[in-house]
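Enquirer: In my numbering, the protein residues as written are 124 to 301. One structure follows; several queries about it will come next.
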Amino acid sequence: MKYIKTDIEGPVIIEPRVFGDERGYFFESFREEDFKANVADVDFVQDNESWSQRRGVLRGLHFQKGDTAQAKLVRVVRGRVQDVAVDIREGSPTFGKYISVILDSESHRMLYIPRGFAHGYAVLEDDTVFQYKCDSYYAPGHEGSYRWNDPAFGIEWMLAPEEIILSAKDAAAPFLND
């Protein structure tokens with residue numbers, strides 16, 4: 124695996140070694156000892172998967188608060204997304220800054236997002252399957268979100284605003300200054 128630091132302390136892009144031939148491919152998507160030695164000492168407890176039928180679906184920006192905050196290891200099994208992590212750690216020198224990474228089923232790139240980040244992604248291809256590991260269980264009473272187009276973050280999404288398909292919950296998410 125290749126581990127690539129980002130401009131913000133904490134998130135890491137992971138590029139696996141993919142072995143392919145005429146039959147298809149093989150790669151290790153996770154190896155605990157390597158992950159802990161090169162990325163973070165976390166113990167993942169929950170795996171999640173979401174399927175998006177259409178290009179334009181935007182999910183996020185989501186996070187969990189307090190003791191239920193989640194670190195995530197995210198990847199695309201089928202399709203392509205623009206994945207975004209926003210630093211919401213109080214007192215962080217990069218508070219409000221974000222990273223944006225293309226994750227797709229061709230490169231098999233993954234992104235580690237530590238606790239203290241809001242996370243979201245925009246689906247860039249129809250029929251996209253997104254998977255993620257979490258180091259804390261989902262706790263509905265501790266979830267939070269920010270609006271996808273919050274000017275405080277200034278995220279440059281790869282979709283035009285008229286293409287974006289949101290859940291009612293994400294459309295009603297507060298802005299940071301709210």
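Built from N, CA and C at the ideal position, the CB exists for glycine as well. The structure presented is a predicted model; accordingly, all values stated were derived computationally and were not measured.
#1: T178: which of Y261, L282 and G143 sits nearest, CA to CA?
#2: Just checking my contact of A275 with L181 at CB under 8 Å: how many whole Å lie between their CB atoms?
#3: Could you tell me which uninterrupted beta strand (DSSP E) segments, each at least 3 residues in length, are contained entirely in the segment 145-228, listed from first to last along the chain?
#4: Using the beta-carbon count (16 or more within 10 Å), is Q169 buried or exposed?
#5: Below 8 Å, how does it come out for the segment 154-161 and the segment 212-227: are there three or more Cβ pairs, yes or no?
#6: In the DSSP assignment, find the alpha helix (DSSP H) that holds A294 and state where it starts and stops.
#7: How would you write the range of the beta strand (DSSP E) that T251 sits in, first residue to last?
#8: By the DSSP assignment, the beta strand (DSSP E) with Y260 in it spans what residues?
#9: Please confirm whether Y260 and L196 have their CB atoms less than 9 Å apart.
#10: Enumerate in chain order the residues of its own chain whose CB-to-CB distance from R201 is below 7 Å, with the five nearest sequence positions on each side excluded.
#11: Assign E279 to one of three DSSP states: helix, strand, or coil.
#12: Would you call the CB atoms of I287 and A241 closer than 9 Å?
#13: My guess is that V153 and F142 are in contact by the Cβ rule of under 8 Å, so how many angstroms apart are they, rounded?
#14: Exposed or buried, D190, counting other C-beta atoms within 10 Å across all chains shown (16 or more means buried)?
#15: Spell out the partners DSSP gives F298 in its beta bridges.
Expert: On the basis of the coordinates in this document:
#1: The sequence as given places Arg at residue 178; Thr does not occur at that position. The option with the nearest alpha carbon to R178 is L282.
#2: Not a contact, Cβ separation roughly 17 Å.
#3: List check, beta strand (DSSP E) in window: 147-149, 169-175, 181-187, 195-201, 203-210 and 221-227.
#4: With fewer than 16 other Cβ atoms within 10 Å, it is exposed.
#5: No: fewer than three Cβ pairs fall under 8 Å.
#6: Element bounds for A294: A291 to A294.
#7: In the DSSP annotation of this structure, the continuous segment of the beta strand (DSSP E) that includes T251 starts and ends at T251 to C257.
#8: Careful: Y260 lies outside any beta strand (DSSP E) and carries neither H nor E.
#9: Their beta carbons are not under 9 Å apart, which means Y260 does not touch L196 by this criterion.
#10: S228, D250, T251 and V252, listed in sequence order.
#11: DSSP places E279 in coil when its eight states are reduced to three.
#12: I287 places its beta carbon 9 Å or farther from that of A241.
#13: Note that residue 153 corresponds to Phe in the displayed sequence, not to Val. Actually they are not in contact, since the Cβ atoms of F153 and F142 sit about 16 Å apart, beyond 8 Å.
#14: Under this definition D190 is an exposed residue.
#15: BP columns for F298 are empty, so no partner.
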